[in-house]
Amino acid sequence: MLALRVEELTMEIKEAREEVTRWREACELEVEAGEIVIEEREKEIAMLRKELEISKSSLDIANSKLMLKGRLAETAMAAQAAAEASLQLADRRSLVLRERSK
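Numbering (this note's numbering), first residue to last: 1 to 102.
Structure (structure tokens):
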């Protein structure tokens, strides 16, 4: 009877070890799968960061161009105002010269 009980316990231990081995293997497979997913996500993150940097650079360039266009427009308006003032001055001088010549 004791030998039978020892044999039963030995079988239970063997089954438990087999179960532990199956669980260990399953866990190791899950860890491997998780590591692969982590690597893929890290690659995605790196690509997204690179895209973000490119977008930021493009935005900075666009903002710089916009500022330059604004300054160019201001300069053009100032040049137009100066040209108009110059024409008005020339018109006044021309009137003064006409009046003197009469």
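Glycine residues also receive a C-beta, built at the ideal position from the N, C-alpha and C atoms.
Because the structure is a prediction, the values reported are computed rather than measured.
Looking at the structure shown, is residue i part of a helix, part of a strand, or coil, going by DSSP?
i       : result
Lys-56  : helix
Met-1   : coil
Lys-102 : coil
Could you check the C-alpha separation between residue i and residue j for me, to the nearest Å?
i      : j      : result
Arg-49 : Leu-59 : 15 Å
Glu-7  : Glu-32 : 37 Å
Ala-16 : Glu-25 : 14 Å
Thr-21 : Glu-35 : 21 Å
Ala-79 : Leu-89 : 15 Å
Leu-66 : Met-77 : 16 Å
Lys-14 : Cys-27 : 20 Å
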